[in-house]
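Written below as structure tokens is the structure these notes are about.
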Amino acid sequence: MFESLTADIHNLKRDLSQELWQVNQGLTSVGNRVSSLEDNGMAQGQELEMLLQEVICLHEQDVLWAQVEDLENRSHRNNVRLQGVPVDSEGIDIQDYIQALFCHVLGWEEW
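Heads up: the sequence shown at position 60 corresponds to 59 in numbering that gives the first Met the number 0, and the numbers run straight through without jumps.
See below:
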């Protein structure tokens, strides 16, 4: 009877050890998954920060581009515009071309 009780205790101890080992394996697995999720969360946070910085830079670039466009448009405001003259028809010397054009339009021989 004592031997039977000892065998039962031994079997119970072995079963408990096996179950504890399985629980420990499960906890290790859960710990690994939590660690992996934390690492992924940190990586995504860093990527998000980089993307936010890029958005800020792109916004600043947009503002600067708008300012450049505005300044360029303002610089063209006082330009003389000749209607009906093809683009790039002036050749190398625009001043001579314009003088010849005005002389022709006004019917003058020379400037």
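A virtual CB, placed ideally from N, CA and C, is assigned to each residue, including glycine. Just so it is clear, the structure is predicted and the values come from calculations on it, not from any experiment.
A direct Cα-Cα distance of roughly 10 Å separates C56 from L63. When only Cα atoms are considered, E109 and H75 end up about 29 Å apart. It is roughly 46 Å from the alpha-carbon of D61 to the alpha-carbon of L105. Shown here, V86 sits in coil according to DSSP, grouped into three states, outside any helix or strand. With distances taken between CA atoms, L81 lies nearest to I97 out of F1, I97, V54 and L15. Rounded to whole angstroms, L50 and P85 show a C-alpha spacing of 46 Å.
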